[in-house]
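Since the structure comes first, as structure tokens, the remarks are kept for the end.
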Amino acid sequence: MPDGLYIEPAVLRQLASQHDQVARDTREWAKPPTEWLANFEPTYGKIADPVKRALERYYDARQRAGEALAKEHENTRDSLLAAADAYEQADEDMGRNIGRIADPDGSGLLVPAGPTPNGLITPGLDGPSSSGATPVDAPPGDVSAPAATTATPPPAATSATSPTGGETMAPAASANQGATAAVPPTGTDGTTTTPGASGTPAAAAANGAMAPGGTYGGPLGPSGPSGGPSGPSAGGGGGGGDDRVSSPPPGGPTDGTPIPAVTPFGAAVAAAKDKAAEPDYVVGGAVSDDLVIARTLLSAVLAAAEPAIGMTWAVSVMRGPAGAGVFITSNEGRGWLPAGLFLPREVSTPWLWDELLNDGSHESASPWEGVSDPARVLAEFGLAWGAKANAKLSALVSSGPIDSGLRTRFADVPMEDLVGPAYDLDLRVLTPDTVDRLDLAGSIPAREQVSVVPDANVRSRCVELAVDAQAQLARSATAPVEAAASRAIRDRILAAVQANSPVPRQWWDELQEADDLLAASMIPRRVDVGRVGLGELRVDDEVSDLRAMAWERRCNELVALLAQEPSRQSLRDAVFAHEQIVNHPAFVQIPPSVAATETEHVARPAAGTGTVSASEQATAPVQASAPPAGAVSPPPVVAGPPAGAVPPVTPPDTAQGR
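So that you can map any letter, position 469 of the sequence shown is 469 in the UniProt record's numbering, and since no number is skipped, the others follow by simple counting.
Below, the structure is given as structure tokens:
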């Protein structure tokens, strides 16, 4: 199946003109109203001078911000124009050098005949070449390709007669094919076609025409739909074997444009579009390209991620003048992503745009945490983001059911629910066109933090992150009743890890079981917002317990990562899980309490009592223990003088005095 990425210089120049217009409009908008400010004091008097100064500061700041924004648009314009010129120059260089590639021994000077990729007509050689060979000329009116001039032209380089009677020249041989060129098959209309191109004329790309279906606009970047010439990674066309060295996929007769390699995601999307385009005998059943993109990504995510209790995923596509954007989220925390999942670079998540969505109030810019339906989260994000980016929701898919209210509200948006896994695209392996969850949703300081950790300290750093998260949760968040068991298990495991003692396998199993129970306990706590109108969600205060349980699960994840072999990827996963706790907007870090040093003091005796306290009764007798060092013990209590020490005193006899 051929795939390709078509880059038209005209499209790049059109985008450059748009950026130039935006830059001019921005500068015009940022200009301060000098005439109005000049008449401010005569109109409002001296008493309004503080207001005037404040307005001048405001308009000055606005002008500087507008100039900076306009400069960015101009830089983008210059980059687009430079890219368009570079692509055209590459076209011309490839057309001039293709003959030299096909004739490595330098026996003849090869000049391509016929139309070149940029639309210019390059005449072929009409006389004998330097090696004495005569070039092969095409009759007038034929679609000719660059003819390879060799000492003895091979049989494959001769012209072939099409069913219509016209002659169609074979394309010049490429570097991998040697000096022998293959004759591409011809269609019933006499046009030259590319094998495996489903009957699409290959000359369309050379004439500057967009391939059928166009390409994905904006930040998507995967290859265009089927119908165009395939890239180098697509293998050979037709039914032959995959021989990338001897017979790469031939292009059109005038195809000299270097085509980038097709990404796995782009190939999967193109395959899904071809499958959806098959006749299904449904009148008006056209399939949306954006719906195919969203469904392909969601199916691959469901196939790559481990099944989790109560977790639902959703993917949306938003399209605007600048192109399309793909967004993914789950109903766990703030769009949590599992470890071992590598998403295409074109994908984003709505939880990254808090700063741009914030309206200046103290409320959260994305108050959707705890919503049970991730499709509702993406719909809410589409309303908030679309108003700022001049984009609108163009497709929405979910692994769970989609509320009927969403379908009614977005009646013109293609939707699909209950999407299942598909294994056409493997997102469990990191490739050059994919990123892990830290690159996708992590902060820049976190990524820099990972890069400076030596390989020898990866294990110790993972332990530090787990211990820090456990300590911060103990200080800052009250443990839900459902999380008490997992906290106790984490304490045991971390104590053993810090003591360099082996952790029994049973403890890891207990941690997994406790985490599963915690995940099940979160299901009834999620908020069903089916009766809440779009744009009216404010559920921050209702999900505090659910948020605390999500933090406990991230801490479970941090400790569970210690069971793996230490690696750079496990460190990146640990940093992401740690950030999900400490960088949460609602998480308040409480510093550890400072313990004061104990000072010695003098123990004073109790005055006026001869009784013994309860604490003294519980201790050993006085004579059996010595007083502590530095303390002064009270004197012993004497009941009275010993017997006989004081003579008895008798009263005088009063009877004699009478």
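Glycine included, C-beta positions come from ideal geometry on N, C-alpha and C.
Practice task
Ignore the nearest five residues each way along the sequence and tell me which others in D417's own chain have a CB closer than 6 Å to its CB.
Solution key: S398, P401, I402
Problem - Cutoff 7 Å; reference E557; Cβ partners in own chain excluding five residues on either side - result: A577
Problem - Minimum C-alpha distance to D290 - residue among A324, P566, L356 - result: A324
Practice task
Give the DSSP-derived three-state secondary structure of residue 673 in the structure shown.
Solution key: Lying before the first or after the last residue shown, residue 673 is absent from the chain, which here runs from 1 to 658.
Practice task
Would you mind giving the Cβ-Cβ distance between V575 and Q449, rounded to the nearest angstrom? I have them listed as a contact below 8 Å.
Solution key: 6 Å
Handout entry: Whole-angstrom C-beta distance between T329 and A314, which should lie under 8 Å
Key = With a Cβ gap of about 6 Å, A314 and T329 count as contacting.
Handout entry: Which of helix, strand or coil DSSP assigns to W368
Key = coil
Problem - As assigned by DSSP and simplified to three states, the class of E513 - result: helix
Handout entry: Whole-angstrom distance between V481 and W385, CA atom to CA atom
Key = 38 Å
Exercise for the section: Buried or exposed for T597, please, with buried defined as at least 16 other CB atoms from any protein chain shown within 10 angstroms of its CB. Expected result: Any reading at T597 must be qualified, since the residue scores a pLDDT of 46, below 50, and its modelled position is unreliable; the value itself is stated next. It is exposed - the Cβ of T597 has fewer than 16 other Cβ atoms within 10 Å.
Problem - Close beta carbons around V287, own chain, < 6 Å, minus the five adjacent residues each side - result: A276
Problem - Reference P321, options A16, P9, I7, E8, closest by Cα - result: A16
Exercise for the section: State buried or exposed for E346, treating a residue as buried only when at least 16 other CB atoms are found within 10 Å of its CB. Expected result: buried
Handout entry: With 16 other Cβ atoms within 10 Å as the buried cut-off, status of A181
Key = For A181, the pLDDT reaches just 37, beneath the cut-off of 50, and the residue's location in the model is therefore unreliable, although a value from the coordinates is still provided. Buried is the call here.
Problem - Unbroken alpha helix (DSSP H) run spanning L438, endpoints - result: Going by DSSP, L438 is part of the alpha helix (DSSP H) stretching over 437–441.
Problem - With 16 other Cβ atoms within 10 Å as the buried cut-off, status of L37 - result: exposed
Handout entry: Sequence-distant residues of the same chain with beta carbon closer than 6 Å to F342, five excluded per side
Key = L427, L430, T434, D436
Exercise for the section: Please state if the CB of A300 and the CB of S316 are separated by a distance shorter than 8 Å. Expected result: no
Practice task
Drop a sphere of 10 angstroms on the beta-carbon of P344, count the other beta-carbons inside from all chains shown, and report buried for 16 or more, exposed for fewer.
Solution key: buried
Practice task
For V326, name the three-state secondary structure that DSSP assigns.
Solution key: strand
Practice task
Could you tell me if the beta carbon of S17 falls within a distance shorter than 7 Å of some heavy atom in the ligand ATP?
Solution key: Because no ligand of any kind appears in the structure shown, any question about the ligand ATP cannot be addressed here.
Problem - Q14 versus T478 - alpha carbon distance - result: Distance between the alpha carbons of Q14 and T478: 57 Å.
Practice task
Determine the contact status of V467 and L562, defining contact as a CB-CB distance below 8 Å.
Solution key: no
Practice task
Measure how close the beta-carbons of V543 and R376 come, nearest whole angstrom, since I'm counting them as under 8 Å.
Solution key: That pair is no contact at about 14 Å.
Problem - Counted within 10 angstroms of its Cβ, other Cβ atoms place Q564 as buried (16 or more) or exposed - result: Exposed, since its Cβ has fewer than 16 Cβ neighbours within 10 Å.
Practice task
Could you give the DSSP three-state label for L378: helix, strand or coil?
Solution key: helix
Practice task
Can you grab the Cα-Cα spacing for the pair V503 / P338, in whole Å?
Solution key: 24 Å
Exercise for the section: Would you list the residues sitting across from L343 in a DSSP beta bridge? Expected result: V435
Handout entry: Proximal residues to E579 (C-beta, below 7 Å), its chain only, five neighbours per side dropped
Key = G442, S443, A446
Practice task
Would you mind reading off the limits of the beta strand (DSSP E) that contains K392?
Solution key: 392–398
Practice task
Would you mind listing the alpha helix (DSSP H) stretches within the segment 15–56 that are 4+ residues and don't spill past its ends, in chain order?
Solution key: 34–38, 40–44
Practice task
Please go through the same chain and pick out, in chain order, the residues whose beta-carbon is closer than 6 Å to the beta-carbon of E8, but skip the five residues on each side of it.
Solution key: Hits under 6 Å: none found.
Exercise for the section: Please classify Q589: is it buried, with 16 or more other beta-carbons within 10 angstroms of its beta-carbon, or exposed? Expected result: exposed
Problem - Which residues DSSP lists as bridging V450, in chain order - result: The partner list for V450 (beta bridge, DSSP) is empty, contrary to what the question assumes.
Problem - Whole-Å CB distance - W507 paired with R492, under 8 Å assumed - result: 6 Å
Handout entry: Separation of D424 from P258, as counted between CA atoms
Key = No answer about P258 holds up, because its pLDDT of 49 lies below 50 and its placement is not dependable.
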